[in-house]
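Residue numbers (the numbering used here), protein chains in the order written: chain A, 0 to 144; chain B, 3 to 403.
The structure appears right after this line, and notes come after that.
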Amino acid sequence: MTSYEGLADAAYSAAVNVEKYLNGKDKDLNKLDVFSRLLSEPLIANSEYKLLYDARIVPLYRSVWSEFKGIPFPKKNTDTLLSEISSFIKDAKSDIEKNNMKAHGRQVAKFCLMLNKMFLEKNADMYETSFRSRVSNAVAGVDGL
Amino acid sequence: MQSLEWMAFDRIKHFERQLAKIKTSDFIRKSTESALKVIECAIDALRGDIEEASTLGDKSYLSQKSITVNQKLFSFTNYLGILLRSTNTRNCFEAYFSFSNIVEQLTGHKDVLIISSEWDASPFYIQQPPEVLKNFFFIGFPAFASRNALLLPLAAHEIGHAIWRLNEVEGQVYTTAEYFLNEYLMENKKISGSHKSLFDQIDDEEFLGRTLTLILSQTQEIFCDLFGAYLFKKSYSYAFEQYLAPGFGKRDVAYPSFERRIKYIREAAFEGSDGNKGLIDDSLLRPSMRSLSSEAAAADFVATKIHDSLCGVVKKILAEANLLEYSSEEEIKIFSCLKSGVPPYVATSAIVVLNATWKLYLDGINLLDDVDERHKFSAFINNLCMKSLEIIEYNKLEESI
């Protein structure tokens, strides 16, 4: 499983890659491709969607997708949510390259940057939890090893 | 007004100056040098990223990259401290070679183990090191215990954390965790089982996130305890109890209960041998009086269910690295030397030495009533063991010449 830091870095690189491609400064979208493949590591063996499904961050995906779309995504519809995000990312490269959709490209870059922000926050959470746990264990005396 | 770029450059520069000073430390090992080099390159790359971000029209890029710089510097600072302390002579240099060899057998990589003497009561492994350092093994030993040979097997638990991450065990366990969580929630009538996704059956989706976090944390700790017990055998079980029994009075639900940890460790460490003897009586292990949250209760249930399959996973990893087999014959020979007060010249395995040392310690300590005599005996055992571990290194270096 890729770390949240790794995902954050990949999301940022993908966003910059798209931005520079649209401005003619990058010749291909290979960093977007890398990010798309990273997110396609399925944890659930027979899942219909290819997305980094991690129950710990499904609420975050919902929040980010809702903000991106501008309307709240309903709860209790997880499969649809993850399918939509998965398809958006997977089709992004071909949509930009073949259909020359600049407007769509800007949306892709924007979404990747939003995912970067989400993964950075999650990474900070993990670090904080680990640090607090060590401090709390040391002070309160807990059998942590 | 200061620009974000300048602030980021300024922070990076200060960090680099600190890193440069650490590179000039005495007693710096290859692994520490390599880790410092990796951090140096990563920091340099951040400078390039900030320069690039400031050329893009949308200021969000610069803002996000500045946040990234702050996070990474924050995280790297912790590691700079560990790397600095790894050069301290308080560290157990006698054991470094043997543990480094174990890590090499597990990963195929040399010079990736970093042991430091830390000012933290629990040996720890920071579970999610920065991406650029993910192939290094960082183990922090509490300073007062860093030269206690009998506690050295505990390092195996910390190595287990790194193996959990590098072998992507969490991904393998995740599906099983959701399966048993589904079972638990159905048994407790919290869901009907009518939908594939747990999220579509439960109102509080944060509950699922919190519960899965606890499950994965507990299973990781079980994995690491099993790793230590199957690798270091009885010496791990003894070291665990010597250092931690009967617990500290409060349970962190990110870990299995202390009683359950001891049970799993003893079962694994004594597997295939007669008896299952811990250092302390089971009656002294009292469960916590506090009632568990729903998340913790679910996590306990699921982690217990996963335990058996984790035993198989650990054994497979150790077997593939030729670290599962153990020579009782060698232990008898080593023990015989140690009993005479002589470090064994034939020792090749720190694991066997540590088990023989524990046997000698337990045989001898109970014959002494006087506390001062016990302390002297303990100190003698410690020095004998350290010298034995040093000889392993000398012998290996001789062979390589």
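The beta-carbon is built from N, C-alpha and C at its ideal position, and this holds for glycine as well.
Would you give the residue range spanned by the beta strand (DSSP E) that residue i belongs to?
i: A/Leu6; result: That residue, A/Leu6, is in no beta strand (DSSP E); its alpha helix (DSSP H) goes Tyr3 to Leu21.
Is the beta carbon of residue j closer than 8 Å to that of residue i?
i: B/Thr359; j: B/Cys387; result: yes
i: B/Ile84; j: B/Phe139; result: no
i: B/Phe379; j: B/Val316; result: no
i: A/Leu59; j: A/Leu37; result: no
i: A/Arg152; j: A/Leu80; result: In the structure displayed, chain A extends from 0 to 144; residue 152 of chain A sits before or after that span and is not available.
i: B/Ala247; j: B/Leu210; result: no
i: B/Thr70; j: A/Tyr11; result: yes
i: B/Tyr232; j: B/Leu156; result: no
i: B/Thr89; j: B/Phe29; result: yes
i: A/Ser35; j: A/Ile88; result: yes
i: B/Pro132; j: A/Glu18; result: no
i: B/Ile52; j: B/Phe11; result: yes
i: B/Ser239; j: B/Phe272; result: yes
i: B/Gln73; j: A/Asn122; result: yes
i: B/Leu86; j: B/Ser102; result: no
i: B/Ile165; j: B/Ile319; result: yes
i: B/Ala352; j: B/Ile403; result: no
i: B/Asp227; j: B/His309; result: no
i: B/Asn357; j: B/Glu331; result: no
i: A/Lys101; j: A/Asp32; result: no
Residue i bridges to which residues according to DSSP?
i: B/Ile117; result: B/Ile141
Quick check: what's the CA-CA separation for residue i versus residue j?
i: A/Ala44; j: B/Val348; result: Reliability fails at A/Ala44, whose pLDDT of 48 lies under 50, so the model's placement of it is uncertain and the value that follows must be treated cautiously. About 49 Å.
i: B/Leu154; j: B/Thr109; result: 20 Å
i: B/Ala2; j: B/Ile217; result: The structure shown does not extend to residue 2 of chain B, since chain B is modelled only from 3 through 403, so no value can be given for it.
i: A/Ser39; j: A/Ser82; result: 11 Å
i: B/Glu207; j: B/Asn384; result: 52 Å
i: B/Glu35; j: B/Ile24; result: 10 Å
i: B/Glu375; j: B/His163; result: 38 Å
i: B/Tyr266; j: B/Lys389; result: 32 Å
i: B/Ser219; j: B/Arg19; result: 37 Å
i: A/Val141; j: B/Lys235; result: Only weak support is given to the placement of A/Val141: the predicted model assigns it a pLDDT of 49, under 50, and the value that follows is read from those uncertain coordinates. A/Val141 and B/Lys235: Cα-Cα distance of roughly 25 Å.
i: B/Glu120; j: B/Ser100; result: 20 Å
i: B/Leu200; j: B/Asn368; result: 55 Å
i: B/Val344; j: A/Met117; result: 59 Å
i: B/Ile404; j: B/Ala47; result: Any answer about residue 404 of chain B is impossible in this case: the structure gives chain B only from 3 up to 403.
i: B/Leu21; j: B/Leu38; result: 7 Å
i: A/Ile84; j: B/Asp284; result: 52 Å
i: B/Ser259; j: B/Ile161; result: 21 Å
i: B/Cys313; j: A/Lys97; result: 50 Å
i: A/Asp25; j: B/Ala44; result: 23 Å
i: B/Leu64; j: A/Lys74; result: 33 Å
i: B/Glu243; j: B/Ile264; result: 8 Å
Mind pulling the chain D residues with CB within less than 8 Å of residue i?
i: A/Leu38; result: Given the protein chain composition of this structure (A and B), no chain D is represented.
Output needed for residue i: all residues of its chain with C-beta closer than 6 Å, excluding positions within five of it in sequence on either side, in chain order.
i: B/Val175; result: Thr221
i: B/Ala147; result: Leu153
i: B/Arg149; result: Cys94
i: B/Glu96; result: Met388, Leu391 and Glu392
i: B/Ile41; result: Phe78
i: B/Ser2; result: One cannot answer for residue 2 of chain B here, as it falls past the ends of chain B, which runs 3 to 403.
If you follow the alpha helix (DSSP H) that residue i is part of, which residue opens it and which one closes it?
i: B/Arg376; result: Val373 to Ser402
i: B/Ile69; result: Lys61 to Arg87
i: A/Pro153; result: Not covered by the structure: residue 153 of chain A. The range shown for chain A is 0 to 144.
i: B/Asn52; result: The sequence shown places Ile at residue 52 of chain B, not Asn. Where B/Ile52 is concerned, the enclosing alpha helix (DSSP H) stretches over Lys32 to Ala55.
i: B/Ile224; result: Glu207 to Phe234
i: B/His111; result: First-last for B/His111: undefined, no H or E at that position.
i: B/Tyr266; result: Phe260 to Ala271
i: B/Arg19; result: Leu6 to Ile24
i: A/Met100; result: No alpha helix (DSSP H) contains A/Met100, which DSSP labels as neither H nor E.
i: B/Val348; result: Segment: none, B/Val348 is in no alpha helix (DSSP H) and carries neither H nor E.
i: B/Arg167; result: Ala157 to Leu168
i: B/Ser342; result: Element bounds for B/Ser342: n/a, residue is neither H nor E.
i: A/Asn29; result: Asn29 to Leu38
For residue i, which residues from the same chain have a beta carbon less than 7 Å from its beta carbon, with the 5 sequence-adjacent residues on both sides left out?
i: A/Val207; result: This structure does not reach residue 207 of chain A, given that chain A is present from 0 up to 144, and the question cannot be answered.
i: B/Arg171; result: The question names Arg, yet the displayed sequence has Val at residue 171 of chain B. Correct list, in chain order: Phe225 and Val315.
i: B/Thr213; result: Leu183, Glu297, Ala300 and Ala301
i: B/Leu362; result: Phe337, Leu340, Lys341 and Ile383
i: A/Phe189; result: Nothing can be reported for residue 189 of chain A, as the shown portion of chain A is limited to 0 through 144.
i: B/Ser5; result: none
i: B/Lys192; result: Ile204
i: A/Leu119; result: Ala7
Enumerate in chain order the residues of its own chain whose CB-to-CB distance from residue i is below 8 Å, with the five nearest sequence positions on each side excluded.
i: A/Lys30; result: Ala9, Ser12, Ala13, Val15 and Asn16
i: B/Leu294; result: Val255 and Asp302
i: B/Leu168; result: Thr109, Lys136 and Asn137
i: B/Gly366; result: Phe379 and Ile383
i: B/Lys335; result: Pro346 and Val348
Quick check: is any heavy atom of the ligand FMN less than 7 Å from the C-beta of residue i?
i: B/Leu156; result: Inclusion of the ligand FMN in the displayed structure is not the case, the ligand content being empty and no account of it being possible.
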